[in-house]
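Below is one structure, written out as structure tokens; comments come after it.
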Amino acid sequence: TSHHDFINKLPKAELHLHIEGSLEPELMFALAQRNKVTLPYASVEEIRTAYNFTDLQSFLDLYYAGAAVLLTEQDFYDLTMAYVQRALADSVRHVELFFDPQTHTARGVSTETVFAGIARALRQARQEHGFSSSMILCFLRHLSEEDAVETLKLALPLREQYADLWNGVGLDSAEVDNPPEKFSKVFAQARELGFHLVAHAGEEGPPAYIHSALDVLQVERIDHGVRAEEDPALMQKLAKTQMPLTVCPLSNLKLCVVDDLSEHNLARMLRAGLCVTINSDDPAYFGGYMNANFIASADALDLSRVELVQLAKNGFCASFAAPEQKQLWL
Ligand code: HPA
Ligand code: ZN
Numbered sequence: 003t004s005h006h007d008f009i010n011k012l013p014k015a016e017l018h019l020h021i022e023g024s025l026e027p028e029l030m031f032a033l034a035q036r037n038k039v040t041l042p043y044a045s046v047e048e049i050r051t052a053y054n055f056t057d058l059q060s061f062l063d064l065y066y067a068g069a070a071v072l073l074t075e076q077d078f079y080d081l082t083m084a085y086v087q088r089a090l091a092d093s094v095r096h097v098e099l100f101f102d103p104q105t106h107t108a109r110g111v112s113t114e115t116v117f118a119g120i121a122r123a124l125r126q127a128r129q130e131h132g133f134s135s136s137m138i139l140c141f142l143r144h145l146s147e148e149d150a151v152e153t154l155k156l157a158l159p160l161r162e163q164y165a166d167l168w169n170g171v172g173l174d175s176a177e178v179d180n181p182p183e184k185f186s187k188v189f190a191q192a193r194e195l196g197f198h199l200v201a202h203a204g205e206e207g208p209p210a211y212i213h214s215a216l217d218v219l220q221v222e223r224i225d226h227g228v229r230a231e232e233d234p235a236l237m238q239k240l241a242k243t244q245m246p247l248t249v250c251p252l253s254n255l256k257l258c259v260v261d262d263l264s265e266h267n268l269a270r271m272l273r274a275g276l277c278v279t280i281n282s283d284d285p286a287y288f289g290g291y292m293n294a295n296f297i298a299s300a301d302a303l304d305l306s307r308v309e310l311v312q313l314a315k316n317g318f319c320a321s322f323a324a325p326e327q328k329q330l331w332l
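Numbering of the sequence shown is given in full-length UniProt numbering, commencing with residue 3 and proceeding in unit increments.
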């Protein structure tokens, strides 16, 4: 319909995208063969059939297993370039891409290899398509804070070389029982170093985790944050401070955070004046990139054109791009 056409062409910024979660089954299969890595699947169809998640952990198990095919700089380049192509097709103009070094260093892949492959693709996309991007290094919260400190230490020597891209740190993986405050020291260090800060909070975890991400970690955006609705005082604070929430509707549906998209609180939070954005999270696993997330949300929640434009604008506004760049977009 013309509503869908409007969405498809609407310029967008994506602020919550795990590059490892953009690994499509076809590329996973091809990289497994190229690298002689054995996958627990016989075919691409079998991979897709396995994507029936009940919660965040059931997804993370397959997400980490899939990432095992990523070994070389070329693999990370191919992965990132495949995402860029999908993003360009969805009228995405800017991405702040999450990556998880610990998922790779644990398998003997160096931090340098990860940076180099992702950065080569993003720089080429900038050159060839004017595609704007940055990289946000995420710590795995199911691991220790010492491990996160070591991860940051291993990446810091690369900071200058990737100064045009790497501008933030984040926190992802299994949320429940791994509260933000577990990472207070490494986030304080990153803050002193001048990095932008974000954290997943309130996806499966309680509103208290959103509070501690804000008050202890001092993050500048909340990734997901949908459980804020259980805490009216927190909702007021998020509205008043215009703290951005990077909401991922199809992710929430696939991970059973909501039973049906028509029950999703994205529209309620937007209409309550919060700075809500729409993002794809792990598009290869959750059934869609940016346009699919926008269209599914618009259809399920009756989003008007004015609201769709607001959601897209919020993405640019909540980005860490330079003010001059934001002015060009907004
Ligand atoms: N939540 C937590 N960790 C993740 C996610 C997510 O949605 N995607 C990739 N790692
Ligand atoms: Zn996420």
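Virtual Cβ for every residue (Gly too), placed ideally from N, Cα, C.
Coil, strand or helix - residue i by DSSP
i, result
"L158", "helix"
"S136", "strand"
"G317", "helix"
"L247", "strand"
"N37", "helix"
"D166", "coil"
"L173", "strand"
"D57", "coil"
"D283", "strand"
"L195", "coil"
Host beta strand (DSSP E) of residue i (start-end)
i, result
"K14", "K14 to H20"
"A70", "Segment: none, A70 is in no beta strand (DSSP E) and carries neither H nor E."
"T279", "V278 to I280"
"A203", "H198 to A203"
Span of the alpha helix (DSSP H), counted from its first residue to its last, around residue i
i, result
"R223", "Where R223 is concerned, there is no enclosing alpha helix (DSSP H), although the beta strand (DSSP E) it sits in stretches over R223 to H226."
"N267", "No alpha helix (DSSP H) contains N267, which DSSP labels as neither H nor E."
"T82", "E75 to A91"
"E231", "Unbroken run through E231: none, as it is neither H nor E."
"Q220", "Taken as a continuous stretch (DSSP letters only), Q220 belongs to no alpha helix (DSSP H), as it is neither H nor E."
"V46", "V46 to A52"
"K328", "P325 to W331"
Reference residue i; option with closest CA among the options
i, options, result
"Q312", "A118, D179 and A269", "A269"
"I169", "S134, F8, T153 and G196", "The amino acid at residue 169 is misidentified as Ile; the sequence shows Asn. Checking every option, the nearest Cα to that of N169 belongs to G196."
"Y287", "E130, A320, V39 and L257", "L257"
"H106", "Y66, I224, A123 and R95", "Y66"
"A274", "L33, D261 and K242", "K242"
"E162", "V200, S146 and F117", "F117"
"L219", "L12, Q329, I49 and E147", "E147"
Opposing strand residues paired with residue i [DSSP bridges]
i, result
"L99", "L19 and M137"
"V94", "K14"
"L142", "D174"
Who sits around the ligand ZN, taking every residue whose Cβ is closer than 6 Å to one of its heavy atoms?
H18, H20, D174, H202, D225 and D283
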